[in-house]
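So the structure is just underneath, and the comments pick up after that.
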Amino acid sequence: MTLERTLASALKDALQALYQITIEPDEKLIQPTRKEFEGDRTIVVFPYVKLARKAPDMVGKEIGEHIHQQLDFITGFNVVKGYLNISIDDAFWCDHLAAHHDDSRYGITEERQEAPVLIEYSSPNTNKPLHLGHVRNNLLGLAVSRIVSACGHKVVQVNLVNDRGIHICKSMVAWLRYGNGETPENSGIKGDHLVGNYYVAFDKHYKEEQQQLIAQGLTPEEAEQQAPIMLEAREMLRQWEAEDPTVRALWQQMNGWVYEGFDQTYNRLGIHFDKVYHESETYLLGKSLVEEGLQKGVFYKHEDGSVRVNLEAEGLDEKVLLRKDGTSVYITQDIGTAQLRYEEFHPQKMIYVVGNEQNYHFDVLKLVLGKKLGLPFGDSIYHLSYGMVELPNGKMKSREGTVVDADDLMDAMYEEAKRSTEELGKFQFSPEEADKLYEMVGLGALKYFILKVDPAKNMLFNPEESIDFNGNTGPFIQYTHARIRSLLRKADEQQLGWREALPAGMKLNDEERILIKMLYQYPDTVLAAGENLSPALIANYIYDLAKQFNHFYQETPVMKETDEAKRHLRLQIANMTALAIRNGMQLLGIDVPERM
RNA sequence: GGUCUUGUAGUUCAAUGGAUAGAACAAAGGUUUCCUAAACCUUAGAUCUGGGUUCGAUUCCCAGCGAGACUACCA
Numbered sequence: 028m029t030l031e032r033t034l035a036s037a038l039k040d041a042l043q044a045l046y047q048i049t050i051e052p053d054e055k056l057i058q059p060t061r062k063e064f065e066g067d068r069t070i071v072v073f074p075y076v077k078l079a080r081k082a083p084d085m086v087g088k089e090i091g092e093h094i095h096q097q098l099d100f101i102t103g104f105n106v107v108k109g110y111l112n113i114s115i116d117d118a119f120w121c122d123h124l125a126a127h128h129d130d131s132r133y134g135i136t137e138e139r140q141e142a143p144v145l146i147e148y149s150s151p152n153t154n155k156p157l158h159l160g161h162v163r164n165n166l167l168g169l170a171v172s173r174i175v176s177a178c179g180h181k182v183v184q185v186n187l188v189n190d191r192g193i194h195i196c197k198s199m200v201a202w203l204r205y206g207n208g209e210t211p212e213n214s215g216i217k218g219d220h221l222v223g224n225y226y227v228a229f230d231k232h233y234k235e236e237q238q239q240l241i242a243q244g245l246t247p248e249e250a251e252q253q254a255p256i257m258l259e260a261r262e263m264l265r266q267w268e269a270e271d272p273t274v275r276a277l278w279q280q281m282n283g284w285v286y287e288g289f290d291q292t293y294n295r296l297g298i299h300f301d302k303v304y305h306e307s308e309t310y311l312l313g314k315s316l317v318e319e320g321l322q323k324g325v326f327y328k329h330e331d332g333s334v335r336v337n338l339e340a341e342g343l344d345e346k347v348l349l350r351k352d353g354t355s356v357y358i359t360q361d362i363g364t365a366q367l368r369y370e371e372f373h374p375q376k377m378i379y380v381v382g383n384e385q386n387y388h389f390d391v392l393k394l395v396l397g398k399k400l401g402l403p404f405g406d407s408i409y410h411l412s413y414g415m416v417e418l419p420n421g422k423m424k425s426r427e428g429t430v431v432d433a434d435d436l437m438d439a440m441y442e443e444a445k446r447s448t449e450e451l452g453k454f455q456f457s458p459e460e461a462d463k464l465y466e467m468v469g470l471g472a473l474k475y476f477i478l479k480v481d482p483a484k485n486m487l488f489n490p491e492e493s494i495d496f497n498g499n500t501g502p503f504i505q506y507t508h509a510r511i512r513s514l515l516r517k518a519d520e521q522q523l524g525w526r527e528a529l530p531a532g533m534k535l536n537d538e539e540r541i542l543i544k545m546l547y548q549y550p551d552t553v554l555a556a557g558e559n560l561s562p563a564l565i566a567n568y569i570y571d572l573a574k575q576f577n578h579f580y581q582e583t584p585v586m587k588e589t590d591e592a593k594r595h596l597r598l599q600i601a602n603m604t605a606l607a608i609r610n611g612m613q614l615l616g617i618d619v620p621e622r623m
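So the mapping is simple: the numbering used here equals the position in the first sequence, first residue as 1, plus 27.
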């Protein structure tokens, strides 16, 4: 039973006994006391004032007295302007520390036997390498997967790769025209970048051809349609759909290069998927469900022959579900893949990590599956929508060359970590150790920077300035962890035996109590993050914790403490802090070093 | 036009309807008798505007202004 629940229960009894009010008190109105007031937990009594027909201070005082008598771990209380501040016995906090100070799985709920939570993320196109926007997607997906898993749910991570379509054909056409047989092997270029280069080449030549046609007197629209390179790409798409063996072989080869490149990038980010779907295998799905809807009369056949759904009553538009030639559109496939996944995993929830430009699409998808088709998984779909990553000079636009490439970015972070670590020159690392550390710190900075922001918001990324290693950053937290570990190593070298049980009845100073109270909150923070699918909640919590520890260490002697029990207490607090930091960072997909 | 998201210090981010709106960066000054100064402390600085609901609003509702996305028989 948590502290909050115990207090809520006592509060309920008090309201009943004092005022004959029978209500279930809101646990949210029992919160940690702000540090400028005396006490550990605060009950907001305003909601009961009207019912009790007394002044707030009076109500606070009476409730305080009542629960003070009921609960023996309460040592006192005070009332300030309708806020009932309750002081909790140090023994309570010491018990918590004793129970968890060496708990390596602190804050992790054991997996329950229940239907899994399915999380789709990444979902790249195979015509170009990943960029900063994909990085936000991937990091969010990874972090959310780990957080949901730490909340006791089985998680299935899936990726839906868009491996077909006109954009891939563009790369293929350009490679055939201008490639001269270039491959990742003979050029040393990472596969996804190589294919991306030809996508860019396509665009360049396409523009040139358009200019020529316009010079010959065509309108811009005609030029766009009739440029030979575009006609070639269209023809190639047609051949692909007709399963032309030559086209399919080239398609397989170039996609293969891309996958090799993506795998490297995923590995570096710490990502792996339980299941990878390919659009080339799923793009025809969903037709039968659309037919079913047509039979049921929830969809209708437009006069031009396309199948549509009218969502005007729901505040949206009319949407096409099948083209007039009977072929699928994007949403047809999403209808089909949702069903496929439902049948495959029977998930309790399907989370789609997709950018906010698709908010409308997911509104439609949910309505079509749930309200229109009445499918059981319609309501289990959750679109985890995230904002764009903007650069100081505006948005990322591939055409204007203002894209930040994911691999380049990670390289730059590595170099920056290397530079500043070498500058400080604290330890002699072996080359392998150093390499691991720079990667850990560089990627830690990047991951933390992105994950500390609320997903719903657009965020600004300044490559030069925004990756700092001080302040509210990944490296600051990693550094704090490394220092605590260093402290504990020293304590172990000196064989201090600090892990042994502490004597009963220890008194805590303010610094100690603040830290234990923060540590007490950690499991609840993880659960809240899982509930809200918000890595930012954990990120900001760990930062506060790390900061608080630094302050604590500054103010309070640890190794120099002469009272053995006190010293052990403080080392136990340090150890538990390191564990919470490590576990929390792991939920964000960030590793923490033993020394840095 | 319609739908959705968003607006907090100079800047980047916080704040389940609760007390005096927190941090960090940038600026100024200070601190090394415990681990590793990538640290710690001090100072200065903000809720877009106007209504409403409430004991209480950065938070919820309405209107306006600003920013962004979507509103394809593309994916």
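Every residue gets a Cβ at the ideal spot worked out from N, C-alpha and C, and that includes glycine. On a predicted model such as this, the values are computed, not experimentally measured, just so you know.
Taking the C-alpha atoms as reference points, what is the distance between Ala573 and Gly524?
Here residue 573 corresponds to residue number 546 of the first sequence, with the count starting at 1. Here residue 524 corresponds to residue number 497 of the first sequence, with the count starting at 1. So the two alpha carbons sit approximately 24 Å from each other.
Would you check if the region 525-543 and the region 589-605 touch, i.e. whether three or more CB-CB distances between them fall below 8 Å?
Cβ pair count under 8 Å is three or more, so yes.
Pull up the CB-CB distance for Gly134 and Ala177, whole angstroms please, since I reckon it's below 8 Å.
Within the first sequence, the letter at position 107 stands for residue 134. Within the first sequence, the letter at position 150 stands for residue 177. Right, their Cβ atoms sit about 7 Å apart.
Please list the terminal residues of the continuous beta strand (DSSP E) segment that includes Thr69.
In the first sequence, the residue the question calls residue 69 occupies position 42. That run of the beta strand (DSSP E) goes 68-71.
With a 10 Å radius around its C-beta and 16 neighbouring C-beta atoms as the bar for buried, classify Gln599 as buried or exposed.
Numbered from 1 along the first sequence, position 572 holds the residue referred to as residue 599. Under the 10 Å beta carbon count, Gln599 is surrounded by 16 or more other beta carbons and is classified as buried.
State yes or no: is the C-beta of Lys479 within less than 8 Å of the C-beta of Ala563?
Counting from one through the first sequence, the residue named residue 479 turns up at place 452. Counting from one through the first sequence, the residue named residue 563 turns up at place 536. Yes.
If contacts are defined as beta-carbon pairs under 8 Å, then Leu515 and Ile565 qualify, I think. What distance do you get, rounded to the angstrom?
As a first step, residue 515 is located in the first sequence; it is residue number 488 there, counting from the start. As a first step, residue 565 is located in the first sequence; it is residue number 538 there, counting from the start. 23 Å between Cβ atoms; not a contact.
Is Ala126 buried or exposed, if buried means 16 or more other CB atoms sit within 10 Å of its CB?
Residue numbering aside, residue 126 sits at position 99 when the first sequence is read from its first letter. Ala126 comes out exposed.
Residue nearest to Val106 in terms of C-alpha spacing, selected from Glu259, Thr507, Val72, Asp290
Counted from its first residue, the first sequence places residue 106 at position 79. Out of Glu259, Thr507, Val72, Asp290, Val72 has the C-alpha closest to the C-alpha of Val106.
Does DSSP put Met377 in a helix, a strand or coil?
The residue labelled residue 377 in the question sits at position 350 within the first sequence. In the structure shown, Met377 adopts extended strand secondary structure according to DSSP, grouped into three states.
With Asp219 and Phe289 assumed to form a contact (beta carbons below 8 Å), what rounded beta-carbon distance in angstroms separates them?
One-based indexing of the first sequence puts residue 219 at position 192. One-based indexing of the first sequence puts residue 289 at position 262. The C-beta distance from Asp219 to Phe289 rounds to 6 Å, short enough to meet the 8 Å contact threshold.
DSSP three-state label for Tyr590, please.
The residue you call residue 590 lines up with position 563 of the first sequence. In the sequence under discussion, the amino acid at residue 590 is Asp, which differs from the Tyr named in the question. Three-state DSSP puts Asp590 in coil, outside helix and strand.
Along the alpha helix (DSSP H) that carries Pro458, what are the first and last residues, could you check?
Against the first sequence, residue 458 aligns to sequence position 431. From DSSP, the alpha helix (DSSP H) with Pro458 extends over 458-478.
Only counting the same chain, and skipping five residues up and downstream in sequence, which positions put a Cβ closer than 8 Å to that of Gly206?
Taking the first residue of the first sequence as 1, we reach residue 206 at position 179. Excluding sequence neighbours, Gly206 sits near Tyr225.
Are the region 107-125 and the region 348-356 touching, with three or more C-beta to C-beta distances below 8 Å?
Taking 8 Å as the limit for Cβ pairs, the verdict is that the region 348-356 does not touch the region 107-125.
Proximity winner among Asp361, Met415, Trp278, Leu535, relative to Leu487 (alpha-carbon distances):
For the purposes of this step, residue 487 is taken as residue 460 along the first sequence, with counting starting at 1. Looking at the Cα atoms, Met415 is the closest of the given residues.
Going by the DSSP bridge assignment, what does Ser114 pair with across the sheet?
What you label residue 114 is simply residue 87 of the first sequence in a count that begins at 1. Answer by DSSP bridge pairing, in chain order: Gly103.
Confirm, please, whether the CB-CB distance from Tyr46 to Ala79 is below 8 Å.
By one-based count along the first sequence, residue 79 stands at place 52. By one-based count along the first sequence, residue 46 stands at place 19. Yes.
Are the Cβ atoms of Lys346 and Leu338 separated by less than 8 Å?
Position 319 of the first sequence, counted from the first residue, corresponds to residue 346. Position 311 of the first sequence, counted from the first residue, corresponds to residue 338. Contact: yes.
With contact counted as at least three CB pairs below 8 Å, one residue from each stretch, are the region 155-169 and the region 569-586 in contact?
Contact fails: fewer than three Cβ-Cβ distances are below 8 Å.
CA-CA distance, Gln684 and Ala509?
Because residue 684 is not part of the residues shown, which for the chain are 28 to 623, the question remains open.
Out of curiosity, what's the CA-to-CA distance linking Tyr379 and Leu560?
Within the first sequence, residue 379 is the residue found at index 352, counting from 1. Within the first sequence, residue 560 is the residue found at index 533, counting from 1. Taking the straight line joining both Cα atoms gives about 12 Å.
When DSSP labels each residue in this structure, what does His158 get in the three-state scheme?
As a working mapping, residue 158 is identified with position 131 in the first sequence. Here His158 carries a strand assignment [DSSP, helix/strand/coil].
Reduced DSSP category for Gly180 - H, G, I as helix; E, B as strand; rest coil
For the purposes of this step, residue 180 is taken as residue 153 along the first sequence, with counting starting at 1. Note on identity: in this sequence residue 180 is His, with Gly being the wrong assignment. Of the three classes helix, strand and coil, the one that applies to His180 here is coil, per DSSP.
Could you spell out where the alpha helix (DSSP H) holding Val237 opens and where it closes?
Within the first sequence, numbered from 1, the residue matching residue 237 stands at position 210. Checking the displayed sequence, the identity of residue 237 turns out to be Gln instead of Val. Segment 218-242, the alpha helix (DSSP H) holding Gln237.
Per DSSP, Ile408 is paired with what?
Locating residue 408 in the first sequence gives position 381, counting from the first residue. For Ile408, DSSP records a beta bridge to Met377.
Lys334 versus Gln184: straight-line alpha-carbon distance, rounded:
As a first step, residue 334 is located in the first sequence; it is residue number 307 there, counting from the start. As a first step, residue 184 is located in the first sequence; it is residue number 157 there, counting from the start. Note on residue identity: the sequence assigns Val, not Lys, to residue 334. Straight-line spacing of the CA atoms in Val334 and Gln184 works out to 32 Å.
Continuous beta strand (DSSP E) stretch holding Asn152: start and end:
Start at 1 with the first residue of the first sequence, and residue 152 comes out as number 125. Here Asn152 belongs to no beta strand (DSSP E), and DSSP marks it neither H nor E.
Assuming Ser114 contacts Asp67 (C-beta within less than 8 Å), just tell me the rounded distance between them.
Working through the first sequence from its first residue, we reach residue 114 at position 87. Working through the first sequence from its first residue, we reach residue 67 at position 40. That belief holds up - the Cβ atoms of Ser114 and Asp67 are roughly 6 Å apart, short of 8 Å.
If you draw a straight line from the C-alpha of Ile408 to the C-alpha of Ala242, how long is it?
Residue mapping note: residue 408 aligns to position 381 of the first sequence, counting from 1. Residue mapping note: residue 242 aligns to position 215 of the first sequence, counting from 1. Cα to Cα, Ile408 sits roughly 51 Å from Ala242.
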